[in-house]
Amino acid sequence: MFTQKTIRSISLVAIIALAGCSGTSDVPQNNFLSADTYGMTHFDPAQSDTFPYAVTTGIHNIDLAQQKHVTNGPINIMTLASTDSDYMWNVGTQGVTYVKVSDGDFSEVARYDVNKKITAEMHDKALHRDIKTAENADYAVKKIYGVDETRIFNGIYSVIDQDNIAYVNYGKKIYAFELVDKSKPGKGIAAAKTLDLTDTLDKNERIVGVSITYDGMLTIAGNRKLMIVDRKFETQPQVIRFAKDEFITNSMAIDERGGIYIASDKNMYKIIWNGKTLSRDEKDGAWTAPYSFGEQPPAVKIGKGTGATPTLMGFGSDEDKLVVITDGVNRMNIVAFWRDEIPEDFIQKSGTKSRRIADQTPVLAGLSPKTKWIQTEQSVVVHGYGAFVVNNVVNKAPADRMVGVVALGPAITPPMGVEKFVWNTEKNMFESQWTRGDVSSISMVPALSIDGNMVLVNGYYKASGWEVTGLDWNTGKTMNRTIFGHDNFGNGAYAIIQSFKNGDLLFNSIAGPFRVKYAK
């Protein structure tokens, strides 16, 4: 007898074709964002980490000192789309800047600093240092910058709405930044509104980040809460509280039907927003699914559960609708959960903690079976039924994550290993398409150029130093090497890799974003 799945089966060849790049994103458009691409951290509501623009191929030696640059940070997660294509918003741990990007420009127009100001001179002293030891990195972070790892937890997941308002978290507040005069951006940025969540959050709880639903509501993740509020902050936030022994360190994915997907260090959740209330009730379509976790790894990764923001896979008429993370076991799995109804004929797989888990497959990343840690702090890059993951963790690193992310590479042998998977809709499982155990990805979020059919990572190599490496999405072959050398401005430090429409690289350095122009 044919099962429900075999009736709808497609060949593996077709599956791999679906995992390739079609030239456009398949994520439904959210009209409340400033743009379809770069309107929010991880680029879109599905958290896909994909952008449509092509990327230059070849080997390029780049002196960042000769490239256009905006100072911010240390750590600058992303440069986001404005509603005016001549400009972009840069969000860093220091504050926000408004940047002119038209006609190849990349210059600061306006700035609003929330936290301690880090100057270009401080970056020069900290990053031009010869960081041969962890102690060198510690000195750069704590003595020159005068910060510690708590700086990291500001401005991580931000969003720009259709009115060109930037919603960004600093401390226990959400700031709504807007231009003083929209027709004259140089007049400055104002914190038009703030939402103080001090009384809502637990004493030691932080804001993780924000997103926007498809009906225009602002969602806010805390370490133990999910909140939703109107974008004018005129009503009290609705709050869903998770268990006291759970901890959330990453943002959320949102679908067009009110599904909000968020993972603690123990469970994956689908919360339902019906336009009026948040619900965890199964009768409303919500669900909770436990997954496997392990130990707290050294540096970079935060927490013992997933290091990945959930990413949606499957849209429209696609056969399988999934939400994907990596789990927290020391040698991680890539894990897919059924987003909606579980197929009637689906049998729970051995070793999984929930029938909701469609599959969990070990990540090998081209590394030795004796490798102690294969773990990541980065979300899974997803396009079609393809999924890409990186290994960010080494065996030993400084406890302070800011120090660790500066030391990894120059002072501490960097983590290696990446892997591309394809989801097989007939077998309900991930299949490894290729691995590269010789590729370094330290802490920067990988990103996929759809038109370029190339996934980009930022790593460090003893011979060449820092670089952005572009790998063919279908084969893993190296297609691009943008080599910055041993100068530590080439460290992306928790940020995400981007590109401009014209192929220029938008590199969100630890010291602020650079516009990298390639020689023609």
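Taking this note's numbering, the leading residue of the sequence shown gets 13, the next gets one more, and so forth.
In this text, a Cβ means the ideal position worked out from N, Cα and C, and glycines have one as well.
None of these values were measured; they are calculated from a predicted model.
Query	Result
Which full runs of the beta strand (DSSP E) of 3+ residues lie inside the region 79 to 119, going along the chain?	90 to 93, 99 to 103, 107 to 112
For Pro374, write down the residues that DSSP places opposite it in a beta bridge.	Asn345
Measure the C-alpha to C-alpha separation of Val103 and Ile177 and round it to an integer number of angstroms.	12 angstroms
Taking DSSP as the reference, what is the three-state secondary structure of Tyr151?	helix
Tell me which residues share the same chain as Ala298 and place their Cβ nearer than 8 angstroms to its Cβ, disregarding the 5 neighbours each side in the sequence.	Tyr281, Lys282, Ile283, Ile284, Ser291, Arg292
Looking only at its own chain, which residues have a Cβ that is under 8 angstroms from the Cβ of Lys144, when we skip the five neighbours before and after it?	Pro422, Ala423
Can you have a look at Thr68 and say buried or exposed, based on whether 16 or more other CB atoms are within 10 angstroms of its CB?	buried
The alpha helix (DSSP H) that contains Asp484, what's its start and end?	Asp484 -> not in any alpha helix (DSSP H); beta strand (DSSP E) instead, spanning 477 to 484.
Grab me the residues of Phe526's own chain with a C-beta within less than 6 angstroms of its C-beta, minus the 5 sequence neighbours each way, in chain order.	Leu76, Gln79, His81, Phe519
Cβ of Val553 within 8 angstroms of Cβ of Tyr187?	What the structure shows of the chain is the stretch from 13 to 532, and residue 553 is not part of that stretch, so it cannot be assessed.
Output the boundary residues of the alpha helix (DSSP H) element that contains Leu139.	132 to 139
Pick helix, strand or coil for Tyr50, following the three-state DSSP scheme.	coil
Where do the N-terminal and C-terminal ends of the alpha helix (DSSP H) with Val418 fall, by residue?	413 to 419
Tell me which residues share the same chain as Phe442 and place their Cβ nearer than 8 angstroms to its Cβ, disregarding the 5 neighbours each side in the sequence.	Ile346, Ala348, Asp371, Thr373, Ala399, Phe433, Val434, Trp435, Asn436
Which term fits Glu353, buried or exposed, when burial requires 16 or more other beta carbons within 10 angstroms of its beta carbon?	exposed
Do you know how far the Cα of Lys513 is from the Cα of Lys532?	16 angstroms
Kindly give me the distance between the Cβ atoms of Thr62 and Ala320, rounded to whole angstroms, as I take these residues to be in contact under 8 angstroms.	Rounded, the Cβ-Cβ distance is 15 angstroms, inconsistent with contact.
Which value, in whole angstroms, describes the spacing of the CA atoms of Ser461 and Thr105?	26 angstroms
Output the boundary residues of the beta strand (DSSP E) element that contains Leu468.	466 to 473
Which value, in whole angstroms, describes the spacing of the CA atoms of Glu246 and Lys205?	10 angstroms
Does DSSP classify Lys295 as helix, strand or coil?	helix
Using alpha carbons as the reference points, say which of Glu217, Thr289, Ile232 lies closest to Asp257.	Glu217
For a quick check, are the C-beta atoms of Asn465 and Asp484 less than 8 angstroms apart?	yes
So the candidates are Asp48, Val451, Tyr124; which of them puts its Cα closest to the Cα of Ser558?	Residue coverage of the chain in this structure runs from 13 to 532, which leaves residue 558 outside it and unanswerable.
Nearest to Leu45 by alpha carbon, out of Glu268, Gly70, Arg236?	Glu268
How many angstroms separate the CA atom of Pro86 from the CA atom of Thr131?	10 angstroms
On the CB-based measure, 16 or more other CB atoms within 10 Å of its CB, does Ile201 come out buried or exposed?	buried
Could you tell me the alpha carbon to alpha carbon distance between Asp117 and Val111, rounded to whole angstroms?	9 angstroms
Is the region 148 to 166 touching the region 222 to 232, taking contact as three or more C-beta pairs under 8 angstroms?	no
Considering only DSSP beta bridges, list what Ser452 is partnered with.	Met428
By DSSP, does Gly504 sit in helix, in strand, or in coil?	coil
Apply the 10 Å Cβ neighbour rule to Ser380 and answer buried if 16 or more other Cβ atoms are within range, or exposed otherwise.	exposed
Looking at Asp450: is its Cβ nearer than 8 angstroms to the Cβ of Met428?	yes
Using the rule of at least 16 other Cβ atoms within 10 Å of the residue's Cβ for burial, across every protein chain shown, is Val192 buried or exposed?	exposed
Starting from Met239, follow the beta strand (DSSP E) in both directions and report where the run begins and ends.	237 to 241
What ranges does the beta strand (DSSP E) occupy inside the region 174 to 216, keeping only unbroken runs of at least 3 residues that lie completely in it?	178 to 182, 185 to 191, 201 to 208
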